[in-house]
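Peer 1: Let me begin by handing over the structure; questions about it come next.
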Amino acid sequence: MTINGPTSQYFISQRLRLHYADWGNTEAPPLLLVHGGRDHCRSWDWVAQELSSKWHVIAIDQRGHGDSQWAPDGNYASMDMVYDLAHLIHLLDLAPVTIVSHSMGGNVSLRYTGLFPDKVRKLVAIEGLGPPPEMQKKMDETPFADRFREWMDSKRAAAARLPKRYNSIDEALARMQAENAYLTDEQARHLTEQGVNRNEDGTFSWKFDPHLNFWSPLDIPRAEIEKLWSAISCPTLLLYGADSWASNPERDGRMRHFRPNVTVTEFEKAGHWLHHDQFNRFMATLDHFL
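Every letter in the sequence shown is one number past the one before it in the working numbering, and letter 216, counting from 1, is 311.
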């Protein structure tokens with residue numbers, strides 16, 4: 096599928112210069128695409144191209160990702176990303192907006208929607224609830240001092256490492272394909288080409304900040320996150336891949352925090368990036384929901 100590219104735009108949020116891709120059609124209703132961790136806004140290109148005839152599609156590069164600026168201190172808090180999302184919606188006067196999001200972007204979008212339920216018309220979150228409850232319980236039971244010391248050690252180690260350099264696009268492509276075996280060759284190459292910068296010596300490195308691999312143990316309490324989920328009032332679709340590490344909230348108990356207008360759909364033969372793995376089914380599901 097040929098991608099007709101969007102225009103690049105920028106805005107300032109908490110002194111960071113953040114990028115977003117604007118697919119035009121500004122007279123249509125606004126729809127915001129929010130990518131996951133270590134990803135980038137051009138990961139949505141196939142989705143955006145399909146939707147752009149009916150929607151004003153905007154895809155944000157979250158801080159530290161894509162063509163957005165890295166945080167100078169290398170620290171990334173979920174609620175800072177919620178602020179960035181809220182600020183973009185405010186600056187562009189997008190509310191009430193429709194949001195389609197993935198993974199970390201889903202986490203951010205769910206929090207935003209719980210904070211401002213009147214500003215979101217419909218919400219789709221692909222595996223956006225975070226770690227499965229058993230994994231979350233294990234983290235919560237680890238003493239805070241231990242978690243913080245481990246985070247400090249990880250940050251020191253990250254500071255001592257240079258970003259991985261690949262000698263060619265094909266070398267980076269091989270890493271992309273190893274990460275997700277469901278990707279077609281066309282998908283993997285496009286995601287790789289849009290996801291790397293070329294270094295001065297001719298090598299290639301991923302655009303995302305390596306410090307995104309080490310999340311701070313400081314966050315709002317789990318009970319407050321669940322309250323935000325409960326405050327979501329718009330129609331919401333939670334999507335899950337049957338072959339993903341993420342657990343289905345209908346089976347792990349987390350659906351009790353949501354209202355009856357929140358539904359879950361699981362995709363067979365799909366992993367964490369189900370919008371790539373089962374693109375046609377994803378688009379059909381999305382079109383029906385929207």
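Backbone N, C-alpha and C fix where the C-beta goes; we use that ideal spot for every residue, glycine too.
Short check: CB of Arg137 to CB of Ala123, under 9 Å?
Peer 2: Against a cut-off of 9 Å, the Cβ pair of Ala123 and Arg137 comes out as no contact.
Peer 1: Taking the alpha carbon of Ala143 as the point to measure from, which residue in Trp118, Asp162, Gly161 has its own alpha carbon closest?
Peer 2: It is Trp118.
Peer 1: Alpha carbon to alpha carbon, how far is Arg173 from Ser300?
Peer 2: Reading off the sequence shown, one finds Ser at residue 173, where the question assumed Arg. Whole-angstrom Cα-Cα distance: 24 Å.
Peer 1: For Met247, which of Thr380, Gly290, Asn308, Phe211 has the nearest alpha-carbon?
Peer 2: Comparing Cα-Cα distances from Met247 to each of Thr380, Gly290, Asn308, Phe211, the minimum goes to Asn308.
Peer 1: Suppose you measure from the CA of Leu210 to the CA of Pro344; what does that come to, to the nearest Å?
Peer 2: Their Cα atoms are separated by approximately 21 Å.
Peer 1: Any heavy atom of the ligand ATP closer than 8 Å to the CB of Ala273?
Peer 2: For the structure depicted, the ligand ATP is absent and the ligand set is empty, with no information on it obtainable.
Peer 1: Report the start-end ranges of each alpha helix (DSSP H) in the region 133-164 that is 4 residues or longer and not cut off at the edges.
Peer 2: Complete alpha helix (DSSP H) runs here, min 4: 140-146.
Peer 1: Which same chain residues, not among the five before or five after Thr279, have their C-beta less than 6 Å away from its C-beta?
Peer 2: Once the five neighbours on either side are set aside, Thr279 has no close Cβ partner at all.
Peer 1: Considering just the uninterrupted stretch of the alpha helix (DSSP H) at Tyr207, what are its terminal residues?
Peer 2: First-last of the alpha helix (DSSP H) with Tyr207: 199-210.
Peer 1: Taking the alpha carbon of Ile221 as the reference point, which residue from Gln104, Gly348, Gly201 has its own alpha carbon closest?
Peer 2: Here the closest residue by C-alpha is Gly201.
Peer 1: Candidates Leu205, Ile264, Trp324: which alpha carbon is nearest Arg293's?
Peer 2: Measuring from the Cα of Arg293, the nearest candidate turns out to be Ile264.
Peer 1: Give me, in chain order, the residues of the same chain whose beta-carbon lies closer than 7 Å to that of Glu361; leave out the 5 immediate sequence neighbours on both sides.
Peer 2: These residues qualify, in order along the chain: Tyr335, Ala337, Asn343.
Peer 1: Taking 7 Å as the limit between beta carbons, can you name the residues of its chain near Trp324, skipping five residues before and five after?
Peer 2: Taken in chain order, the residues that qualify are Leu205, Gly209, His352, Phe353.
Peer 1: Figure out for me which residue from His160, Thr298, Gly297, Leu381 has the closest Cα to the Cα of Leu332.
Peer 2: Considering only alpha carbons, the answer is Leu381.
Peer 1: Taking the Cβ atom as the reference point for each residue, do Trp165 and His306 lie within a distance shorter than 9 Å?
Peer 2: Going by C-beta atoms, Trp165 is nearer than 9 Å to His306.
Peer 1: Measuring CA to CA, which of Leu146, Leu126, Glu236, His182 is closest to Arg110?
Peer 2: Nearest of Leu146, Leu126, Glu236, His182 to Arg110, Cα basis: His182.
Peer 1: Could you round the C-beta distance between Asp162 and Lys259 to whole angstroms and report it? I think they count as a contact, below 8 Å.
Peer 2: Going by Cβ atoms, the distance from Asp162 to Lys259 rounds to 19 Å, so no, they are not a contact pair.
Peer 1: Is Gln282 closer than 9 Å to Trp141 when the C-beta atoms are compared?
Peer 2: Taking 9 Å as the Cβ cut-off, Trp141 and Gln282 qualify as a contacting pair.
Peer 1: What is the rounded straight-line gap between the Cα of Asp372 and the Cα of Met176?
Peer 2: Taking the straight line from one Cα to the other gives about 26 Å.
Peer 1: Please check the pair Asp179 and Ser249, which I expect to be a contact at CB under 8 Å, by giving their CB distance rounded to whole angstroms.
Peer 2: Wrong, their Cβ atoms sit about 24 Å apart, outside the cutoff.
Peer 1: Quick one: what does DSSP say Ala220 is sitting in, helix, strand or coil?
Peer 2: Reduced to three states, the DSSP call for Ala220 is strand.
Peer 1: Between which two residues does the alpha helix (DSSP H) containing Gly290 stretch?
Peer 2: From DSSP, the alpha helix (DSSP H) with Gly290 extends over 280-290.
Peer 1: Hey, how far is the Cα of Ile320 from the Cα of Arg251?
Peer 2: Between Ile320 and Arg251, the C-alpha separation is close to 29 Å.
Peer 1: Assuming contact is defined by CB atoms lying nearer than 9 Å, are Thr237 and Pro125 in contact in what I supplied?
Peer 2: The answer is no: Cβ separation not under 9 Å.
Peer 1: Is the beta carbon of Leu189 closer than 9 Å to that of Trp327?
Peer 2: According to the sequence as given, residue 327 is Ile; it is not Trp. In this structure, Leu189 does not lie closer than 9 Å to Ile327 by Cβ.
Peer 1: What separation, rounded to the nearest whole angstrom, lies between the Cα atoms of Ala276 and Ala269?
Peer 2: Taking the straight line joining both Cα atoms gives about 10 Å.
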